[in-house]
Amino acid sequence: MRLTRRQVLAGAAAGALGATGVYELIDRLTSGPVRARATRVAAEQHLLGGLRVVRDEGVAVVVPPLHHQVVTARLRVSGDSRSLRSARDALEEVLSRLDDELEPTPAGLGVTVGSGLPYFHRYLPALAKRELPVDLRASQARGREVRVLVDAIRFPSDPRETILEQNDLAVLLRSDRHDHVAQAAREIFARLGDVLETTSVRKGFAGGGFDGRASLPKRMAVAAAISGAELIPDEAELFLGFTSTQRAALGPPRIANIETLHYARAGYFRGGTHMHVSHVFEDIEAWYLNFDFRERVDTLFRPNQPARAGARTLRQPPGEASTSAAVRHDFHRFGAIGHSAAIQPTSRLQEDVVGADRTRYPKGTAVPQRADFNTLDNPFFWSADPRHDQLKPEPAAGVHFVVFNPTSDDFHRNRLAMDGVLPDGTRLPFQPRDRGQGINSVLHTTHRQNFLVPPRRHRSFPLVDLIR
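Counting from 22, one number per residue, gives the positions in the sequence shown under the numbering used here.
The following block contains the structure:
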């Protein structure tokens with residue numbers, strides 16, 4: 022019997038979900054750290070329990086899970102209420118079974134399901150218009166209604182060919198154990214192949230260097246013969262050589278919720294958040310050959326950032342968060358801005374805030390909760406449309422950038438600041454990917470999309486339960 026193209030793609034996707042390729046080296050090169058058990062399951066999907074915090078060079082650092090995978094998909098059912106409810110029940114059954122088997126920690130499995138605008142617009146336009154929260158801050162700034170989820174955009178330093186994706190669904194899987202990630206991917210996407218059509222599989226890794234041994238990024242890049250791999254510091258958490266999970270640089274647990282900072286009245290989506298997913302190539306060789314250590318510190322953090330020679334973990338405390346005025350000063354004095362300093366006027370609180378959760382968040386507290394990870398995908402591990410996604414077989418250094426913010430606009434403000442477009446309206450006159458524009462000169466973004474992550478209780482095809 023001749024197979025249809027859809028059947029062929031489904032079979033190929035199923036194989037890619039559990040396949041390891043070059044990533045089989047991860048389990049050979051390192052073992053998962055000792056992790057605490059989760060005390061309870063959070064209402065939020067995006068929160069992981071049992072995260073280990075270590076002190077590295079005197080700085081508190083969150084140890085990320087070793088294995089990461091993002092799988093995107095389109096919903097394959099008709100739009101009638103019966104089909105949608107059946108799809109919701111099937112997905113929730115699988116997710117609930119995974120919850121029962123694997124606790125939501127790096128030692129078990131973190132599962133985060135996000136829904137894209139195409140899902141809401143194609144299947145539930147009226148309910149989405151009624152229920153998707155309004156971003157109050159963005160609406161006031163623009164003088165028109167802006168929802169917490171809007172389409173991704175190309176930023177000034179993005180290439181023209183950056184693809185703005187239109188997936189219905191994205192699932193982020195995180196664990197110290199590859200077999201847990203592979204099991205979940207197969208359970209969700211292979212078993213639900215009549216409901217979900219996989220569009221891409223994206224894999225990667227982070228960390229592994231806090232025990233004094235060579236880190237995963239270093240060893241994986243060397244094993245894959247990435248140009249410049251030998252220049253990566255042995256214990257670097259990520260390809261670019263510096264630690265990025267300082268506890269002070271990551272938002273505390275519920276700060277990225279839609280409702281916490283009063284950006285929106287969450288309603289149905291209370292306990293949810295926004296997730297941005299993008300793929301970015303990193304030119305490792307150019308980073309280490311064209312920038313000496315002092316220049317790398319200035320570029321990734323801020324000009325004249327205090328750092329001892331060879332340091333990898335630098336302080337990023339709330340009390341030292343940068344301001345728009347400080348970024349402008351750096352530009353006029355040095356003709357350059359640092360990556361971290363440039364985004365802090367938008368990514369750090371500019372005043373004390375008492376959140377909707379009644380927590381007091383001091384000025385300088387970080388808002389985004391990053392879940393990015395290095396990859397050797399080029400640009401994905403697998404794609405249903407390899408020509409469109411420009412898939413290539415050889416490994417390439419990059420990052421799958423995954424981050425949780427309260428709203429799409431909040432992420433867009435962060436990313437625009439990285440390009441010198443500051444929240445006070447200042448536009449620093451950089452050319453795209455200028456050397457002075459933070460780390461942008463060694464980055465090349467291929468894909469972007471925004472997703473709304475519902476709370477755990479509504480994770481399986483949100484709003485379907487409201488159909489009457």
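Ideal Cβ positions, reconstructed from N, Cα and C, are used throughout, including at glycine.
Where residue i falls, given that 16 or more other Cβ within 10 Å makes a residue buried
| i | result |
| --- | --- |
| Arg109 | buried |
| Val474 | buried |
| Leu68 | buried |
| His300 | buried |
| Leu310 | exposed |
| His433 | buried |
| Leu38 | buried |
| Asp255 | exposed |
| Pro414 | exposed |
| Pro127 | buried |
| Asp373 | exposed |
| Asp101 | exposed |
Limits of the unbroken beta strand (DSSP E) element including residue i
| i | result |
| --- | --- |
| Ser196 | 190 to 196 |
| Asp172 | Taken as a continuous stretch (DSSP letters only), Asp172 belongs to no beta strand (DSSP E), as it is neither H nor E. |
| His465 | 464 to 474 |
| Arg498 | No statement about residue 498 is possible, as the shown extent of the chain runs from 22 to 489 and does not include it. |
| Glu306 | Taken as a continuous stretch (DSSP letters only), Glu306 belongs to no beta strand (DSSP E), being part of the alpha helix (DSSP H) at 305 to 311. |
| Leu217 | 217 to 226 |
Endpoints, alpha helix (DSSP H) assigned at residue i
| i | result |
| --- | --- |
| Leu490 | Since the first residue shown for the chain is 22 and the last is 489, residue 490 is missing from the structure and cannot be characterised. |
| Asn435 | 429 to 439 |
| Thr320 | 314 to 321 |
DSSP state of residue i mapped onto helix, strand, coil
| i | result |
| --- | --- |
| Phe210 | helix |
| Leu119 | helix |
| Ala363 | helix |
| Gln490 | With the chain covering 22 to 489 only, the question about residue 490 has no answer from this structure. |
| Ala342 | coil |
| His67 | coil |
| Asp393 | coil |
| Ser265 | coil |
Spatial distance of residue i from residue j (CA atoms)
| i | j | result |
| --- | --- | --- |
| Arg268 | His89 | 20 angstroms |
| Leu437 | Arg151 | 29 angstroms |
| Glu316 | Ala357 | 11 angstroms |
| Phe312 | Arg240 | 22 angstroms |
| Arg130 | Phe226 | Looking at the sequence provided, one finds Leu at residue 130 rather than Arg. Those two C-alpha atoms are separated by around 14 angstroms. |
| Glu341 | Thr386 | 10 angstroms |
| Gly383 | Val74 | Strictly speaking, residue 383 in this sequence is Pro, with Gly absent from that position. Roughly 21 angstroms between the two C-alpha positions. |
| Phe263 | Leu145 | 43 angstroms |
| Ala203 | Ala392 | 18 angstroms |
| Arg381 | Thr466 | 36 angstroms |
| Arg223 | Ala250 | 21 angstroms |
Close-in-space but distant-in-sequence residues of the same chain around residue i (CB under 8 angstroms, 5 per side omitted)
| i | result |
| --- | --- |
| Ala149 | Phe141, His142, Leu484 |
| Gly288 | Glu152, Pro154 |
Contact with chain B by residue i, beta-carbon distance below 8 angstroms
| i | result |
| --- | --- |
| Val301 | Looking at the structure shown, chain B is missing, and only one protein chain is on hand. |
Same chain, Cβ closer than 7 angstroms to residue i, neighbours up to 5 away in sequence not counted
| i | result |
| --- | --- |
| Asp445 | Ser345 |
| Glu166 | Val155, Ser160 |
Close beta carbons around residue i, own chain, < 6 angstroms, minus the five adjacent residues each side
| i | result |
| --- | --- |
| Phe355 | Pro324 |
| Asn435 | Ile364, Thr367, Ser368 |
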